[in-house]
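This report concerns only the one structure given below.
In the numbering used here, the protein residues as written are 47 to 234.
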């Protein structure tokens, strides 16, 4: 007849298995803690440059048609702020059109993104067809000057969260397809 009490070897093997199972679950937690303490941060696969430190634009006044722009809208909507360099002409307008198209590609979620152009509106027949989707405003406090390009006929953009937090900056010469992909990830 066998003894109902396990042999010391079986008990030791059982304890070892229990410790190994605990280590399997504990190892990722320890690794995450070490990475955090070392200051490592995962890099996202976004195409824009993160704005670090993030800043709130809630107190930044942008005038659109004589009224202040409502960063916090009645519905949660992001704002894509277009910042032209000096003399927005053909290349700038082409980028603005691609930014508008990135909004259109959002389909049923297109209403969750507002387009804001800060600066002197471009003129001409081509400009009228593109600028119809943009709210055109001015920035009296020059809060966006750090993001505005200095190269003529160029445009940069800043993506602003519905809580008025500036999320990402796309400097002049950015890839509009990368912007479109980022918008599709953020707006669902």
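Heads up, the beta-carbon is just placed ideally off N, CA and C, and yes, glycines get one too. Source: prediction; values computed, not measured.
Check: Got a sec, what are the start and stop residues for the alpha helix (DSSP H) residue 175 sits in?
Finding: Start and end: 171-177.
Check: Ordered along the chain, which non-local residues of its own chain (more than five positions away) have a Cβ less than 6 Å from that of residue 137?
Finding: The answer, listed in chain order, is 199.
Check: Roughly how many angstroms separate the alpha carbons of residue 127 and residue 171, rounded to a whole number?
Finding: Cα to Cα, residue 127 sits roughly 22 Å from residue 171.
Checklist line | Given 8 Å, three or more beta-carbon pairs between the region 79-88 and the region 151-165 | finding: Result no; under three Cβ-Cβ pairs closer than 8 Å.
Notebook entry, point to check: Do residue 94 and residue 180 come within 7 Å of each other at the CB atom, strictly closer than that value?
Noted result: No. Outside cutoff.
Check: Are three or more beta carbon pairs between the region 201-214 and the region 111-119 nearer than 8 Å?
Finding: With a cut-off of 8 Å, the region 111-119 and the region 201-214 count as touching, because enough Cβ pairs lie within range.
Item checked: Cut-off 6 Å between Cβ atoms - residues of its own chain near residue 227, not counting five sequence neighbours on either side -> Here the set comprises nothing.
Check: Where are the beta strand (DSSP E) runs, 3 residues long or more, that stay fully inside the region 87-172, in chain order?
Finding: The beta strand (DSSP E) runs of length 3 or more contained entirely in the region 87-172 are, from start to end of the chain, 95-102, 124-130 and 159-164.
Notebook entry, point to check: What is the DSSP secondary structure of residue 214, counted as helix, strand or coil?
Noted result: Of the three classes helix, strand and coil, the one that applies to residue 214 here is strand, per DSSP.
Next item on the list: Quick one: measure Cβ to Cβ for residue 141 and residue 222, integer angstroms, because I've assumed they're closer than 8 Å.
Entry: About 6 Å separates the two Cβ atoms, so the contact holds.
Item checked: Beta-carbon spacing of residue 225, residue 148 below 7 Å -> Result yes, Cβ atoms of residue 225 and residue 148 sit closer than 7 Å.
Next item on the list: With DSSP as the reference, please indicate the residues paired to residue 184 in a beta bridge.
Entry: When DSSP reads this structure, residue 184 sits in a beta bridge with 109.
Margin query: Taking the beta carbon of residue 201 as the centre, do at least 16 other beta carbons fall within 10 Å, making it buried, or is it exposed?
Written below: Label assigned to residue 201: buried.
Check: Looking only at DSSP bridge pairs, what is residue 204 linked to?
Finding: Answer is 127 and 215.
Check: With distances taken from CA atoms, which of 218, 190, 233 and 234 is nearest residue 102?
Finding: Nearest option by C-alpha distance: 190.
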